[in-house]
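Reading through the structure tokens given below for one structure.
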Amino acid sequence: MTLPGARFRLEDRVRKLRGSSWQGLVVGFYSTRLTPIGYAVESEREPGSVQVWPESALERVPEQAP
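Heads up, the sequence shown is in our numbering, so the first residue is 55 and it goes up one at a time.
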């Protein structure tokens, strides 16, 4: 499942680009007038903890990254 035009899909591994660190799996999507494509990301380090981020704040984690 994905949003039309979205860069990431459910269960893609992503991380935050700047500021505080956050890495995990895409578990959901959202869309608002100010954020056309956003993601809910469940932390790998704190299972069950979810943060929402706009697409511009995230990047895909390379396959070999821990």
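Here a beta-carbon is modelled for each residue, glycine too, at the ideal position from N, C-alpha and C.
- Take the alpha-carbon of V80 and the one of G102: they are about 12 angstroms apart.
- Each of E109, R114, E117, Q105 was checked against the Cα of S74, and the nearest Cα belongs to Q105.
- For the options S110, Q118, R87, R99, the alpha carbon positioned closest to that of Y93 is the one of S110.
- Contact check for L64 against L112 fails: the beta carbons are separated by 8 angstroms or more.
- One thing to note: P108 has its Cβ within 8 angstroms of the Cβ of T89.
- Counting along the chain, A111 sits inside no beta strand (DSSP E), nor does DSSP assign it H or E at all.
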